[in-house]
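Visitor: Those protein sequence lines, which keep their order, are chains L and C. Letter by letter, the first sequence follows residues 34 to 412 of our numbering. Letter by letter, the second sequence follows residues 34 to 412 of our numbering. Using N, Cα and C, we set each Cβ at its ideal position, and we do this for glycine too. Just so we're clear, the structure is a prediction, and the values are computed from it rather than from any experiment. First the structure, then my questions, so here it is.
Number of protein chains: 2
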Amino acid sequence: MMLLVYGAGQLAQMMYLAATPLGIDVQAVDVASENVVNPISKQLITSDLASAISRADAITVEFEHVPEHLLVDASNSGKLYPNIDSILAGADRVREKTLLQKNGIANCQHEIITDVAQLSGITSRLGSKLIFKASRDGYDGYGQWRLSNESQLSELAAAFAKLDLQKVPLIAEAMLAFDREISIVGARDKHGKICCFPIAENLHHKGQLHVSIAPATDISEALQRKANEIFKQLATAMDYVGVLAVELFQCGDELLVNEIAPRVHNSGHWTQQGATTSQFEQHVRAVFGLPLGATNAVGVSAMVNIIGCENINRNLMGIDDCHLHWYGKVVRKKRKMGHINMVAQSHSALGGKLKQLTGYLPMEYFPKLIDEAERLSRK
Amino acid sequence: MMLLVYGAGQLAQMMYLAATPLGIDVQAVDVASENVVNPISKQLITSDLASAISRADAITVEFEHVPEHLLVDASNSGKLYPNIDSILAGADRVREKTLLQKNGIANCQHEIITDVAQLSGITSRLGSKLIFKASRDGYDGYGQWRLSNESQLSELAAAFAKLDLQKVPLIAEAMLAFDREISIVGARDKHGKICCFPIAENLHHKGQLHVSIAPATDISEALQRKANEIFKQLATAMDYVGVLAVELFQCGDELLVNEIAPRVHNSGHWTQQGATTSQFEQHVRAVFGLPLGATNAVGVSAMVNIIGCENINRNLMGIDDCHLHWYGKVVRKKRKMGHINMVAQSHSALGGKLKQLTGYLPMEYFPKLIDEAERLSRK
Chain L
34 MMLLVYGAGQ
44 LAQMMYLAAT
54 PLGIDVQAVD
64 VASENVVNPI
74 SKQLITSDLA
84 SAISRADAIT
94 VEFEHVPEHL
104 LVDASNSGKL
114 YPNIDSILAG
124 ADRVREKTLL
134 QKNGIANCQH
144 EIITDVAQLS
154 GITSRLGSKL
164 IFKASRDGYD
174 GYGQWRLSNE
184 SQLSELAAAF
194 AKLDLQKVPL
204 IAEAMLAFDR
214 EISIVGARDK
224 HGKICCFPIA
234 ENLHHKGQLH
244 VSIAPATDIS
254 EALQRKANEI
264 FKQLATAMDY
274 VGVLAVELFQ
284 CGDELLVNEI
294 APRVHNSGHW
304 TQQGATTSQF
314 EQHVRAVFGL
324 PLGATNAVGV
334 SAMVNIIGCE
344 NINRNLMGID
354 DCHLHWYGKV
364 VRKKRKMGHI
374 NMVAQSHSAL
384 GGKLKQLTGY
394 LPMEYFPKLI
404 DEAERLSRK
Chain C
34 MMLLVYGAGQ
44 LAQMMYLAAT
54 PLGIDVQAVD
64 VASENVVNPI
74 SKQLITSDLA
84 SAISRADAIT
94 VEFEHVPEHL
104 LVDASNSGKL
114 YPNIDSILAG
124 ADRVREKTLL
134 QKNGIANCQH
144 EIITDVAQLS
154 GITSRLGSKL
164 IFKASRDGYD
174 GYGQWRLSNE
184 SQLSELAAAF
194 AKLDLQKVPL
204 IAEAMLAFDR
214 EISIVGARDK
224 HGKICCFPIA
234 ENLHHKGQLH
244 VSIAPATDIS
254 EALQRKANEI
264 FKQLATAMDY
274 VGVLAVELFQ
284 CGDELLVNEI
294 APRVHNSGHW
304 TQQGATTSQF
314 EQHVRAVFGL
324 PLGATNAVGV
334 SAMVNIIGCE
344 NINRNLMGID
354 DCHLHWYGKV
364 VRKKRKMGHI
374 NMVAQSHSAL
384 GGKLKQLTGY
394 LPMEYFPKLI
404 DEAERLSRK
């Protein structure tokens, strides 16, 4: 059996590692060259993508920004999971917002901007602190503009006048005073069965995820249920098959959807050591029509991203239940190079372990770690 | 970093899956062709073994029956772990017995037979129930002869007269009335630090391992300590680096060493889901001089070998905490095709899960499963 994955980065790599024991081969499409490669070695398997599509038993994506014509070809094979509309909804904020609105799912107050004229009076409608996001190719932190006070509006209008807003609209969103960012990662199988992992709590820095804690601290049963319900509503509406991640803002007892990612997700990496079934195996199970695995947490996990640095003291592996995941990439600024999963029996014990971890890492690359270790230690 | 593994079977494959997240590439030597291949795809990397040895950062074996001249070349590089004497001791019962005797480690009463004349009077010295094992290439069940009563001795003597006993001596062993077979799997690092996994209990059928339960049932702290002590004595005497498995016969409170395997071992496969660190990752850590990981069990595990059959109902993956490991080999009689790991919170719960499992498997290939499920259920 063979799974063809569009995208040849670390997510395809971790799918490969999870699928191999199931007797499933994973081959990755480098979407720039359209070559099919081994996800680990990147060795060329074939440059004939059509033959790979025809050999595949299932097709999936590791990221949503796959050129649409490639997705159409994959979808026409009848083997693409999740379906093309789900992937496109993850790649396009207008589609995403439309999906949320249509299904009555709470999200940030927003407007879709297709003409600069719409900026007129926008602060009276959405408030004076706004964030504008390009609807497409809006990677973490790119294609985003902030409005901190009304006086900047004319400056922004001038910048936006240079964009083709008909082709790539903007989403104007009210900047929310949320308590924290959390995410719910789960899977839906081909029969509509849904299994969610416990909520993860996510710490970002300059638009990139740095640390996830899962299960999150201070989650009531009611809040977990609410997150599961949002997940179910969305996944069902999308007729989704596979692992889906929903990023949420928590404001007290309220949850607002920030973003959906139609794929395995960085905030689910903790499941590799911290849950009975990893998100990678779960995704493979779902897209192959295999039974979903149990999603309970075994202990309490921290996932620490290694971003933009490669000098990691491997002796950190001596910390009890500390696991390195190295992606084998060439180092670049802001590039995710790997992650570390740690498991403990309580949040406070996990805080203690994170403190130990700081002794092995160059702290300038881990701006969230010390404070988070402190916070958890007090739990 | 690159680890070169002699042998390109499932053990090299599982080392590859464990080493990749550590940023370590694993390449396998097919010892028949001397080609270096990818352990999963078996794609040729190079037919120049010498260059692979020189590129490798560490070298190890997945089985002990590697032709000696290949081991010598590997050893001469200074990168071979465990050392060549340890590997040869695992491949040769005379060396193995000599090692045990020299270190005063309890094992079955035996004699080394290099001449048929030694059979004279052997039953008066070792008893009337004996097993004769070829010293080398004595794979599970092959090269073994049983003596059930003295009258068969002349027949055996005639058979042995045809063998070159000077070249390949036999070990004559008293057939032991042991209670059960257990094993201790552990690792020793380059500084001499030792970490053992909990004792596993092993059920064999016709010379092949079928089921392991770990931690074993009814193990006193004293017995675990005794097993750890034997492991430590042996590993230290051998100046061993890497994962080592010691198969033991339990007779009441006594432990007798049956065999040593200088490598990751089938009775340690349960650690993939059932322990904080898997034996495969532990071996890689040890041979690379990385800190050893924690070896505690998370729950209670069963490892069920899939032998000689390929029609496995994949819906078994729907059993809670049930994990398939498929090796992707062509089916042959008695060939290990894969294994299933299951984790539960108690031995009795594990028994219940094994009962569930029987519903998905063709029972003629799993002769030990129903009785073992029953036995555990009563715990």
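Name the two residues that bound the continuous beta strand (DSSP E) containing K369 (chain C).
Guide: By 1-based counting over the second sequence, the position of residue 369 (chain C) is 336. K369 (chain C) -> beta strand (DSSP E) spans 369 to 377.
Visitor: Going by C-alpha distance, which of C:F282, C:L383, C:V317 is nearest A335 (chain C)?
Guide: Looking up residue 335 (chain C) in the second sequence gives position 302. Minimum Cα distance to A335 (chain C) is reached at C:L383.
Visitor: Should H358 (chain C) be flagged as near chain L, meaning a C-beta pair shorter than 8 Å?
Guide: Walking along the second sequence from the start, residue 358 (chain C) turns up at place 325. At least one chain L Cβ lies under 8 Å of H358 (chain C).
Visitor: Using a Cβ-Cβ distance under 8 Å, would S334 (chain L) count as near chain C?
Guide: Locating residue 334 (chain L) in the first sequence gives position 301, where the first residue counts as 1. It does not: the Cβ of S334 (chain L) has no partner Cβ on chain C nearer than 8 Å.
Visitor: Where V62 (chain C) and L198 (chain C) are concerned, what is the direct C-alpha to C-alpha distance, given to the nearest angstrom?
Guide: Taking the first residue of the second sequence as position 1, residue 62 (chain C) is located at position 29. Taking the first residue of the second sequence as position 1, residue 198 (chain C) is located at position 165. Whole-angstrom Cα-Cα distance: 31 Å.
Visitor: Exposed or buried, which one is H316 (chain C) when buried takes at least 16 other CB atoms within 10 Å?
Guide: Walking along the second sequence from the start, residue 316 (chain C) turns up at place 283. So H316 (chain C) counts as buried.
Visitor: Using 8 Å as the Cβ pair cut-off and three pairs as the minimum, do the segment 93 to 103 of chain C and the segment 128 to 147 of chain C touch?
Guide: Counting Cβ pairs under 8 Å, fewer than three are found: no touch.
Visitor: Any heavy atom of the ligand MG within a distance shorter than 7 Å of the CB on I246 (chain C)?
Guide: This structure lacks the ligand MG; in fact it carries no ligand of any kind.
Visitor: Looking at the C-beta of A124 (chain C), does it have a partner C-beta in chain L at a distance below 8 Å?
Guide: Position 91 of the second sequence, counted from the first residue, corresponds to residue 124 (chain C). No, because no Cβ of chain L sits closer than 8 Å to the Cβ of A124 (chain C).
Visitor: Residues in the same chain with beta-carbon distance under 7 Å from S168 (chain L), minus the five sequence neighbours each way, listed in chain order, please.
Guide: Your numbering for residue 168 (chain L) matches position 135 in the first sequence. Once the five neighbours on either side are set aside, the close Cβ partners of S168 (chain L) are D125, R126, V127, V201, P202, L203, I204.
Visitor: By DSSP, does G171 (chain C) sit in helix, in strand, or in coil?
Guide: Along the second sequence, one-based indexing puts residue 171 (chain C) at 138. For G171 (chain C), the predicted structure reports a pLDDT of 49, less than 50, and the residue's modelled location is therefore unreliable. A value from the coordinates is still provided. Coil at G171 (chain C), not helix or strand.
Visitor: Just to make sure I have the definition right: I need the residues of chain L whose C-beta is within less than 8 Å of the C-beta of A327 (chain C). Which are they?
Guide: Within the second sequence, the letter at position 294 stands for residue 327 (chain C). Those are D353, D354, listed as they occur along chain L.
Visitor: Quick check on this structure: which residue in C:H380, C:S379, C:N374, C:I339 has the alpha carbon closest to the alpha carbon of K367 (chain C)?
Guide: Indexing the second sequence from 1 puts residue 367 (chain C) at position 334. Ranking C:H380, C:S379, C:N374, C:I339 by Cα distance to K367 (chain C) puts C:I339 first.
Visitor: Going along chain L, which residues have a C-beta under 7 Å from R347 (chain C)?
Guide: In the second sequence, counting from the first residue as 1, residue 347 (chain C) sits at position 314. Chain L residues near R347 (chain C): L323.
Visitor: When DSSP labels each residue in this structure, what does S381 (chain C) get in the three-state scheme?
Guide: Numbered from its first residue, the second sequence carries residue 381 (chain C) at position 348. Residue state, collapsed to three classes: helix.
Visitor: Identify, in the order they occur along the chain, each residue of the same chain with its Cβ nearer than 8 Å to the Cβ of D380 (chain L), setting aside the five sequence neighbours on each side.
Guide: In the first sequence, residue 380 (chain L) corresponds to position 347, counting from 1. The displayed chain sequence assigns His, not Asp, to residue 380 (chain L). Taken in chain order, the residues that qualify are I246, T250, V333, L409, K412.
Visitor: The beta strand (DSSP E) spanning Y39 (chain L) covers which residue range?
Guide: Indexing the first sequence from 1 puts residue 39 (chain L) at position 6. It spans 35 to 39 - the beta strand (DSSP E) in which Y39 (chain L) sits, taken as one unbroken run.
Visitor: Relative to the alpha-carbon of K369 (chain L), which residue among L:R347, L:C342, L:L82 has its alpha-carbon at the smallest distance?
Guide: Taking the first sequence and counting its residues from 1, the one referred to as residue 369 (chain L) is at position 336. Among L:R347, L:C342, L:L82, the Cα nearest to that of K369 (chain L) is on L:C342.
Visitor: Go through its chain and collect everything with a Cβ distance to A270 (chain C)'s Cβ below 6 Å, but skip five positions before and after it.
Guide: On the second sequence, residue 270 (chain C) is found 237 positions in, with the first residue counted as 1. Cβ within range, chain order: N136.
Visitor: Is it the case that the segment 34 to 49 of chain L contacts the segment 68 to 75 of chain L, given that we only count it when at least three CB pairs across the two stretches are under 8 Å?
Guide: At 8 Å Cβ cutoff, the stretches touch.
Visitor: Going by C-alpha distance, which of C:L44, C:R258, C:M350 is nearest G392 (chain C)?
Guide: Taking the second sequence and counting its residues from 1, one reaches residue 392 (chain C) at position 359. The shortest C-alpha separation from G392 (chain C) is found at C:M350.
Visitor: Using a Cβ-Cβ cut-off of 8 Å, state whether N77 (chain L) counts as contacting chain C.
Guide: Within the first sequence, the letter at position 44 stands for residue 77 (chain L). Looking at the sequence itself, residue 77 (chain L) is Leu, so the reference to Asn does not match. Output row for L77 (chain L): interface = no.
Visitor: Just curious, the alpha helix (DSSP H) that F193 (chain L) is in, first and last residue?
Guide: Stepping through the first sequence from its first residue, residue 193 (chain L) is reached at position 160. Taken as a continuous stretch (DSSP letters only), the alpha helix (DSSP H) holding F193 (chain L) covers 186 to 194.
Visitor: To which residues does DSSP link E254 (chain L) through a beta bridge?
Guide: To locate residue 254 (chain L), count along the first sequence from 1; it is residue 221. Paired residues: none, contrary to the question.
Visitor: Quick check on the DSSP output: what are the complete beta strand (DSSP E) runs of length 3 or more inside the segment 45 to 82 of chain L, in order along the chain?
Guide: As far as the segment 45 to 82 of chain L is concerned, its whole beta strand (DSSP E) runs of at least 3 residues are 58 to 63, 68 to 70, 77 to 79.
Visitor: Taking only the alpha-carbon atoms, compute the straight-line gap between D404 (chain L) and N346 (chain L) and give it to the nearest angstrom.
Guide: The count along the first sequence starts at 1 and reaches residue 404 (chain L) at position 371. The count along the first sequence starts at 1 and reaches residue 346 (chain L) at position 313. So the two alpha carbons sit approximately 21 Å from each other.
Visitor: Report yes or no: is there a C-beta of chain L within less than 8 Å of the C-beta of P395 (chain C)?
Guide: By 1-based counting over the second sequence, the position of residue 395 (chain C) is 362. It does not; no Cβ of chain L falls within 8 Å.
Visitor: Spatial neighbours of K226 (chain L) within its chain, please: CB distance less than 7 Å, with the 5 preceding and 5 following residues excluded, ordered by chain position.
Guide: Translated into positions along the first sequence, residue 226 (chain L) becomes position 193. Result list for K226 (chain L): L325, in chain order.
Visitor: Under three-state DSSP, which class holds F313 (chain C)?
Guide: If you number the second sequence from 1, residue 313 (chain C) lands on position 280. Correct three-state label for F313 (chain C): helix.
Visitor: Report the rounded CA-to-CA distance for V337 (chain C) versus E67 (chain C), giving the unit in angstroms.
Guide: To locate residue 337 (chain C), count along the second sequence from 1; it is residue 304. To locate residue 67 (chain C), count along the second sequence from 1; it is residue 34. The straight-line gap from Cα to Cα measures roughly 32 Å.
Visitor: Looking only at C-alpha atoms, which of L:I120, L:L394, L:A85 sits nearest to S110 (chain L)?
Guide: Counting from 1 along the first sequence, the entry for residue 110 (chain L) is found at position 77. That would be L:A85, whose Cα lies nearest to the Cα of S110 (chain L).
Visitor: Using DSSP with H/G/I as helix, E/B as strand and the rest coil, what is M271 (chain L)?
Guide: Here the question's residue 271 (chain L) lines up with position 238 in the first sequence. Looking at M271 (chain L) - three-state DSSP - the assignment turns out to be coil, as it is neither helix nor strand.
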